[in-house]
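Each remark here refers to the structure printed beneath this line.
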Amino acid sequence: MFKKLLVGVLATGIALTGGISAASASTESASVDNTNNYAPIKALNEEFYDYIYKFPYEYVTERGIYRTYKFYSESGKFANYFESDGIKWYFKGVALEFVNGGAYGHYEGVRSN
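The sequence shown lines up with residues -22 to -1, 1 to 91 when you count with mature numbering (1 follows the signal peptide of the UniProt record, and there is no 0).
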């Protein structure tokens, strides 16, 4: 009796999984291409930190500029232009305003020669 039950359970399990070949761990298949035909992913932006004005920024390689959205001002007012670490920064707009009057500014910069 137990033998018939065990055989029945195994047969049901194989039938539900689609057969023995579907449940195998074989990676050989004519329809699956396991080769890497793609170029490796390249980092697009480099991360930096300005320790003088205390803000993070990144270098955007496709545009050749430096950019930040995290220049904090307690008053919510920003300079149109400033220089730091050999980069000329230009104000582009307010990125985020806070209820206490502070704000994050969006700046873009280029390295001066």
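Note that CB positions come from ideal geometry on N, CA and C, so glycine has one too.
- With contacts defined as CB atoms closer than 9 Å, Gly80 and Ala73 fail to qualify as a contacting pair.
- Where Ile65 is concerned, the enclosing beta strand (DSSP E) starts and stops at Ile65 to Glu75.
- Within the DSSP bridge table, the entry for Thr46 names Tyr85 as partners.
- Around the beta carbon of Phe49, 16 or more other beta carbons lie within 10 angstroms, which makes this residue buried.
- Judged by their CB atoms, Tyr35 and Thr46 are nearer to each other than the 9 Å cut-off.
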